[in-house]
Amino acid sequence: MIESTISGLVNGSVYALLGLCLVATYRTSGVLNFAQTAVGAFAALTAVDLIGTGMPTWVAWLIAIAVGTVVSVLLGLMLYRWFSQTGARIKTSATIAALLALLAIGDRVFGDTPRSFVDPFSLFGFTLWGVRFTGDTIIALGAAVVLTIALDVMLRRTRTGHRLRAVAGRPLTAELLGLPVLALTIIVWTFVGVVGSASILIIAPTASSTFTGLSLLVLPATAAALFGGFESLWLTLVGGLLLGMISGLTSYFAVIAPYNATLQLAFVTLILIFKQRGERWDEAR
Amino acid sequence: MANEIVLETKDLVAGYLPGVNILNGCNVYVQKGELVGIIGPNGAGKSTLLKAIFGQVNIRSGQVLLGGDEITGLKADKLVTKGVGMVPQNNNVFPSLTIEENLEMGSYQKPKMFKERIDFVTSLFPELGRRLKQRAGSLSGGERQMVAMSRALMMDPSVLLLDEPSAGLSPVRQDETFINVAQINRAGVSVMIVEQNARRALQICDRGYVLDQGRDAYSGTGRTLMNDPKVIELYLGTLATDHAATTSTPTVGG
Numbered sequence: 001m002i003e004s005t006i007s008g009l010v011n012g013s014v015y016a017l018l019g020l021c022l023v024a025t026y027r028t029s030g031v032l033n034f035a036q037t038a039v040g041a042f043a044a045l046t047a048v049d050l051i052g053t054g055m056p057t058w059v060a061w062l063i064a065i066a067v068g069t070v071v072s073v074l075l076g077l078m079l080y081r082w083f084s085q086t087g088a089r090i091k092t093s094a095t096i097a098a099l100l101a102l103l104a105i106g107d108r109v110f111g112d113t114p115r116s117f118v119d120p121f122s123l124f125g126f127t128l129w130g131v132r133f134t135g136d137t138i139i140a141l142g143a144a145v146v147l148t149i150a151l152d153v154m155l156r157r158t159r160t161g162h163r164l165r166a167v168a169g170r171p172l173t174a175e176l177l178g179l180p181v182l183a184l185t186i187i188v189w190t191f192v193g194v195v196g197s198a199s200i201l202i203i204a205p206t207a208s209s210t211f212t213g214l215s216l217l218v219l220p221a222t223a224a225a226l227f228g229g230f231e232s233l234w235l236t237l238v239g240g241l242l243l244g245m246i247s248g249l250t251s252y253f254a255v256i257a258p259y260n261a262t263l264q265l266a267f268v269t270l271i272l273i274f275k276q277r278g279e280r281w282d283e284a285r
Numbered sequence: 001m002a003n004e005i006v007l008e009t010k011d012l013v014a015g016y017l018p019g020v021n022i023l024n025g026c027n028v029y030v031q032k033g034e035l036v037g038i039i040g041p042n043g044a045g046k047s048t049l050l051k052a053i054f055g056q057v058n059i060r061s062g063q064v065l066l067g068g069d070e071i072t073g074l075k076a077d078k079l080v081t082k083g084v085g086m087v088p089q090n091n092n093v094f095p096s097l098t099i100e101e102n103l104e105m106g107s108y109q110k111p112k113m114f115k116e117r118i119d120f121v122t123s124l125f126p127e128l129g130r131r132l133k134q135r136a137g138s139l140s141g142g143e144r145q146m147v148a149m150s151r152a153l154m155m156d157p158s159v160l161l162l163d164e165p166s167a168g169l170s171p172v173r174q175d176e177t178f179i180n181v182a183q184i185n186r187a188g189v190s191v192m193i194v195e196q197n198a199r200r201a202l203q204i205c206d207r208g209y210v211l212d213q214g215r216d217a218y219s220g221t222g223r224t225l226m227n228d229p230k231v232i233e234l235y236l237g238t239l240a241t242d243h244a245a246t247t248s249t250p251t252v253g254g
């Protein structure tokens with residue numbers, strides 16, 4: 001049971017990574033990007049196709065991450081060009097439209113046949129207290145923690161972080177001060193493209209084998225981000241890890257394992273109820 | 001006050017949509033150290049004038065000059081570098097940033113000036129200096145205006161454009177905001193202020209323009225405009241009429 005729970009850390013770390021990308025995008029560009037995992041799925045399937053041609057895995061991964069980054073930047077530029085003066089609701093709706101478009105394109109380009117993903121990190125690892133920690137777990141968990149610290153420091157302590165938060169909060173006002181809104185937009189979407197694509201590449205071997213399945217990882221990512229209120233990076237990390245570990249734990253029990261996917265919905269619902277109560281409590285005080 | 005013109009528009013024609021002009025040949029200027037008010041009815045083109053000067057609206061014809069140099073249609077980043085600052089009407093502070101970080105955004109193009117300029121704005125508004133670490137999102141409307149104006153001063157502008165700084169504020173906060181604007185002007189910054197609260201704006205302005213249908217219909221000193229019968233009848237309303245009944249009414253040229 002403990003091993004099942006620990007094994008959930010891989011998925012949990014990636015949920016956290018993807019959730020962190022969602023929070024970072026939201027805090028730096030005011031967009032809740034529902035298309036993020038579809039962009040990562042695009043990268044992952046590109047890697048599979050490239051590896052299928054005989055290309056070395058690492059080269060294929062680098063090219064795939066570059067492809068995901070380009071798609072991410074194009075999406076960011078589209079939002080900047082057409083929706084920069086609109087509110088978060090419209091921008092978020094635009095990313096849902098982008099998700100649907102990417103699902104259609106992905107289906108056309110990659111088909112819906114399940115693919116076999118290469119898992120280069122599963123070969124190494126260590127055993128502690130009888131529990132096997134694979135390379136996936138170590139890398140994903142390490143990346144999630146490092147990214148949380150890096151993003152937290154960058155957004156709170158650096159000038160670039162302040163500028164990104166300024167652009168996210170008031171893009172027009174930022175523009176009127178002469179801030180390079182376009183350049184900052186490209187930085188954000190490049191970063192999200194790289195991290196989002198790499199995260200999906202890590203999780204793909206254990207998560208799903210189709211474009212649509214990988215694209216729908218946006219649900220646990222959103223649950224993790226919601227745990228952090230789309231604001232706290234640390235709570236997003238905790239939310240992602242919790243979700244992954246709960247998912248791992250429940251997979252141990254044969255009775256509830258088939259309903260594992262509905263856990264994400266239950267998780268989100270519980271967070272929303274809890275937050276709603278918190279808001280009412282605040283109002284009452 | 002010197003008669004050197006800092007900012008000037010010549011026959012400015014501008015609008016948002018093709019074929020629909022909001023400004024129809026607007027001529028205004030600001031002299032060095034002047035506080036100039038732009039008043040007029042809704043839809044007269046007051047805010048559009050500021051946006052056109054600041055490169056936010058398509059200019060169809062005419063010119064915008066800064067110290068005699070043409071700046072027509074230049075984008076915000078260039079204008080800020082050249083010494084034009086603008087404070088928009090709404091959403092003008094970054095709520096998730098502290099006051100200090102908001103001011104830091106103001107000196108983005110010249111970060112080395114930050115220390116010197118923050119000393120200047122906090123000497124102008126000591127209240128800000130005491131609350132630098134406070135999040136701007138927690139400030140009142142009037143305090144936000146103070147932060148937004150201070151932030152625009154961080155680049156040491158030669159002229160500051162203010163778009164309805166008193167909009168949405170309580171009467172007390174409006175008074176505070178007008179006092180702040182006058183204080184900025186007294187510190188040597190030329191100011192062009194667009195205001196719905198015409199009477200209050202004209203009280204602090206050296207000169208003013210009344211815009212009507214995208215043209216500068218009347219101009220004169222603040223006091224002159226406040227006492228002009230046509231301006232009173234058309235734009236200042238009954239309060240102004242009551243005020244005018246007790247004062248003299250010099251004639252204003254259009």
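Those sequence lines, one after another, are chains V and Z.
Going by UniProt numbering, the first sequence opens with residue 1, and the numbers climb by one from there.
Going by UniProt numbering, the second sequence opens with residue 1, and the numbers climb by one from there.
Glycine included, C-beta positions come from ideal geometry on N, C-alpha and C.
Own chain residues within Cβ distance below 6 Å of residue i, not counting five before or after
i, result
"A24/V", "L151"
"A223/V", "L243, Q264, F267, V268"
"G62/Z", "K10, D11, L12, V13"
"V93/Z", "N102, A136, R144, V147, A148"
"residue 286/V", "Any question about residue 286/V goes unanswered here, given that chain V covers just 1 to 285."
"L88/V", "In the sequence under discussion, the amino acid at residue 88/V is Ala, which differs from the Leu named in the question. Result list for A88/V: G30, in chain order."
"I256/V", "T250"
"I6/V", "V131"
"I204/Z", "F178, A182"
DSSP-derived helix/strand/coil call for residue i
i, result
"I273/V", "helix"
"T251/Z", "Here T251/Z scores only 36 on pLDDT, less than 50, and its place in the model should not be relied on; the value that follows carries that caveat. T251/Z: coil per DSSP, three-state reduction."
"N27/Z", "strand"
"residue 293/V", "Outside the shown range of chain V (1 to 285) lies residue 293/V, about which nothing can therefore be said."
"L62/Z", "The question names Leu, but residue 62/Z in the sequence shown is Gly. Three-state result, G62/Z: strand."
"D119/V", "coil"
"S190/Z", "strand"
"L211/Z", "strand"
"M105/Z", "helix"
"A167/Z", "coil"
"R200/Z", "helix"
"T86/V", "coil"
"T9/Z", "strand"
"E231/V", "coil"
"I71/Z", "coil"
"G113/V", "Sequence inspection shows Thr at residue 113/V; the Gly mentioned does not correspond to that position. Three-state DSSP puts T113/V in coil, outside helix and strand."
"G19/Z", "coil"
"V159/Z", "strand"
"M78/V", "helix"
Beta carbon of residue i nearer than 9 Å to that of residue j
i, j, result
"R163/V", "L179/V", "yes"
"L79/V", "V31/V", "yes"
"L7/Z", "L49/Z", "no"
"S247/V", "P220/V", "yes"
"A144/V", "S4/V", "no"
"A35/V", "T113/V", "no"
"G40/Z", "A198/Z", "yes"
"L33/Z", "G55/Z", "Sequence inspection shows Gly at residue 33/Z; the Leu mentioned does not correspond to that position. Not in contact: G33/Z and G55/Z (Cβ atoms no closer than 9 Å)."
"G85/Z", "L139/Z", "no"
"V36/Z", "Y218/Z", "no"
"M1/V", "Y259/V", "no"
"L9/V", "L141/V", "yes"
"L132/Z", "I184/Z", "no"
"F42/V", "F191/V", "no"
"R186/Z", "D156/Z", "no"
"G142/Z", "T177/Z", "yes"
"I200/V", "A101/V", "no"
"F124/V", "V48/V", "no"
Distance between beta carbons of residue j and residue i, contact taken as under 8 Å
i, j, result
"T148/V", "L237/V", "5 Å"
"P88/Z", "T173/V", "6 Å"
"R27/V", "L226/V", "So it is not a contact: roughly 14 Å between Cβ atoms."
"M113/Z", "R151/Z", "M113/Z to R151/Z, Cβ: 13 Å. No contact."
"V57/Z", "Y16/Z", "6 Å"
"N11/V", "I203/V", "6 Å"
Contacts around residue i, its chain only, beta-carbon distance under 7 Å, and the 5 residues preceding and following it disregarded
i, result
"Q85/V", "L172"
"L241/V", "L9, G12, S13, A16"
"D216/Z", "C26, N27, V28, Y209"
"K82/Z", "L66, I71"
Any non-hydrogen atom of the ligand NAP within 8 Å of residue i CB
i, result
"R223/Z", "This structure lacks the ligand NAP, and indeed carries no ligand of any kind."
Close-in-space but distant-in-sequence residues of the same chain around residue i (CB under 8 Å, 5 per side omitted)
i, result
"Y235/Z", "I39, G40, P41, A198, V210"
Would you be able to state if there are at least three C-beta pairs under 8 Å between the stretch 134 to 143 of chain V and the stretch 64 to 78 of chain V? no
Across the stretch 225 to 234 of chain V and the stretch 116 to 134 of chain V, are there enough close Cβ pairs to call them in contact, namely three or more that are closer than 8 Å? no
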